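Note sheet for the following structure.
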Ligand SMILES: [Zn+2]
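In our numbering, the protein residues as written are 137 to 305.
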């Protein structure tokens, strides 16, 4: 079923999918099979670059929101989360949130699931691109540098993917 958020964006013409391109809130997006990212990561074995990509994805969105809407941080978090939830990576849930630490989880991480289907159970977490996105979000909304790690991953045989984000003083 189409997400309520996307449906609202489409009916209010804040999102358009045409032959000329995809725009959401006047920002250009593009679409590719998730498997291409999974294969790229497996072939390059470069988690750091994947994290950087995730970081830039989030940064592009937040910078655009700030410029386009001049909205406050809290609202950026809500919009950001709504966009993430229709990105195809899965739905993000907040497990715990204190001043210095945020714990997020993906109950159904499509990236990790696909990674495991293609390459089997992994010894290390694989969701670097998602860590990068979360890291950027928390950095931009908290104004502090953030240390981020994935503490459980579906690709390692865990039930969910869990992400721990700590602000560094
Ligand atoms: Zn994971």
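Where a beta carbon is used, it is the ideal one built from N, C-alpha and C, also for glycine.
Just so we're clear, the structure is a prediction, and the values are computed from it rather than from any experiment.
* Asked: In whole angstroms, what separates the C-alpha of residue 225 from that of residue 305?
  -> Each residue's Cα considered, the two are about 30 Å apart.
* To do: Over the uninterrupted beta strand (DSSP E) stretch that includes residue 266, give me the two end residues.
  => No beta strand (DSSP E) contains residue 266, which is instead part of the alpha helix (DSSP H) from 264-278.
* Distance, Cα to Cα, residue 163 vs residue 289? -> When rounded, the separation of the alpha-carbon atoms in residue 163 and residue 289 is 31 Å.
* To do: From the DSSP output, in three-state form, read off residue 239 for me.
  => Under the three-state reduction of DSSP, residue 239 is assigned to strand.
* Nearest-angstrom Cα distance between residue 139 and residue 169? -> Between the C-alpha atoms of residue 139 and residue 169 there is a straight-line separation of about 19 Å.
* Asked: Starting from residue 186 and walking both ways along the alpha helix (DSSP H), at which residues does that stretch end?
  -> Residue 186 -> alpha helix (DSSP H) spans 183-205.
* For the putative contact between residue 198 and residue 216, defined by C-beta atoms under 8 Å, what is the C-beta separation to the nearest angstrom? -> Yes, residue 198 and residue 216 are in contact; Cβ-Cβ is about 7 Å, under 8 Å.
* Could you tell me if the beta carbon of residue 229 falls within a distance shorter than 7 Å of some heavy atom in ligand 1? => Checking the Cβ of residue 229 against ligand 1 gives no.
* Is residue 193 near ligand 1, going by C-beta to nearest heavy atom under 7 Å? -> No; taking the cut-off as 7 Å, the Cβ of residue 193 has no heavy atom of ligand 1 nearer than that.
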